[in-house]
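The structure appears below as structure tokens.
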Amino acid sequence: MPRPRVHDLEHVLDVAERLAVAEGPGAVTIRALSEATSVSNGALYHAFGTRAGLLGRAWVRAAERFLELQRTAVEQALGEADTDGDATEAVVAAALCPAWFLEQNPTSARFLLTVRREELLRSGDVPADVADELRRLDDALGAIFVGLALRLWDREDKRALALVRDCVVHLPTALLLRGNRIGDRAARDRLAAAVRAVLTIPPSTR
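Residue numbers (the UniProt record's numbering): 1 to 206.
And the structure:
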């Protein structure tokens, strides 16, 4: 069976995102996508392997879009930083990226919040190559953390990376994502202030 054209597969992933956001991940089935896109069931199975593989591909695509935005924001902020203290604003930029991503790619952003990567990996139905790509995203995010830690403290040890992770992952989760405050301007200002405050105390060297 011939593989569907690339633009057809992109359209399938677009529809999968919309279905997951509008009706929940359970609504994303091969049959539903076939009906919505006019791509046959067989072609979808041939292209993605399983339903979980399709969701995994959609997740990878959305996450790569987010990481590209985050990398660009960090690089721009670092390019404007004249001192290590100014590099704090690069961490602030990285922390605010979930809000910016929602503005620029609202469906992809909500898809990442709706479909849990951990659940995809636990399902056992994700093809090995897709599972590898899902895990590879950790390395891509880790590279951003390393770059920030080096610029701030000239360090890339566990404590330095953990502090960057607190600012870029845990604080946005607590102040923006929980309670669906991601579009709240005041919540964004609080997040930026919290990141700056946390970074006034460098990571322990013990």
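Even for Gly, the Cβ is constructed at its ideal location relative to N, Cα and C. All figures in this text were calculated on a predicted structure; none of them were measured in a lab.
Give me the residue from 165, 50, 125, 121 with the minimum Cα distance to residue 215. Residue coverage of the chain in this structure runs from 1 to 206, which leaves residue 215 outside it and unanswerable.
* Asked: residue 194 and residue 171: beta carbons closer than 7 Å?
  -> With a cutoff of 7 Å on beta-carbon distance, residue 194 and residue 171 are scored as near each other.
From which residue to which residue does the alpha helix (DSSP H) around residue 49 run? Looking at the DSSP string, residue 49 is not in any alpha helix (DSSP H), and its letter there is neither H nor E.
| request: Between the Cα of residue 118 and those of 137, 100, 106, 108, spot the shortest distance and give me the residue it belongs to. | output: Comparing Cα-Cα distances from residue 118 to each of 137, 100, 106, 108, the minimum goes to 137.
Notebook entry, point to check: Leaving out the 5 sequence neighbours to the left and right, which residues in its chain are closer than 6 Å to residue 69 when beta-carbon positions are compared?
Noted result: Contacts found: 97, 101.
| task | Express the C-alpha separation of residue 64 and residue 15 in angstroms, rounding to a whole number. | result | Answer to the nearest angstrom: the Cα atoms are 18 Å apart.
Is it true that the region 54-61 meets the region 124-138, where meeting means three or more beta-carbon pairs spaced less than 8 Å apart?
Yes, they touch.
**Cβ neighbour criterion (16 or more within 10 Å) applied to residue 201** = Residue 201 comes out exposed.
Item to complete: Starting from residue 34, follow the alpha helix (DSSP H) in both directions and report where the run begins and ends.
Response: Residue 34: member of the alpha helix (DSSP H) spanning 30-37, first to last residue.
### Task
Evaluate residue 37 with the Cβ neighbour count: other Cβ atoms within 10 Å of its Cβ, from every protein chain shown; 16 or more gives buried, anything less gives exposed.
Counting other Cβ atoms within 10 Å of its Cβ, residue 37 reaches 16 or more and is therefore classed as buried.
Between residue 52 and chain B, is any beta-carbon pair separated by less than 7 Å?
Considering every chain present, this structure includes no chain B. It has just one protein chain.
>> Using a Cβ distance threshold of 8 Å, determine whether the region 17-28 contacts the region 108-123, with at least three qualifying pairs required.
In response: Inter-segment contact for the region 17-28 and the region 108-123 is present: three or more beta-carbon pairs are separated by less than 8 Å.
Legend entry - Identity of the residue in 22, 11, 205, 10 nearest residue 106 by Cα: For residue 106, the nearest C-alpha among the options comes from 22.
ask   = How close, in whole Å, do the beta carbons of residue 168 and residue 95 come, if the pair is a contact with beta carbons under 8 Å?
value = Between residue 95 and residue 168 the Cβ distance is about 5 Å, and since that is below 8 Å, they are a contact.
| message | Considering just the uninterrupted stretch of the alpha helix (DSSP H) at residue 123, what are its terminal residues? | response | Residue 123 -> alpha helix (DSSP H) spans 117-123.
Beta-carbon proximity list for residue 111, same chain, < 6 Å, skipping 5 on both sides: 17, 20, 21, 62, listed in sequence order.
_Taking 7 Å as the threshold (C-beta atoms), are residue 145 and residue 163 in contact?_
Their beta carbons are not under 7 Å apart, which means residue 163 does not touch residue 145 by this criterion.
Check your understanding: DSSP state of residue 25, grouped into three classes?
Key -> Residue state, collapsed to three classes: helix.
(Q) Checking 7 Å against the spacing of the C-beta atoms, do residue 173 and residue 125 come in under that value? (A) Note that the C-beta distance between residue 173 and residue 125 is not below 7 Å.
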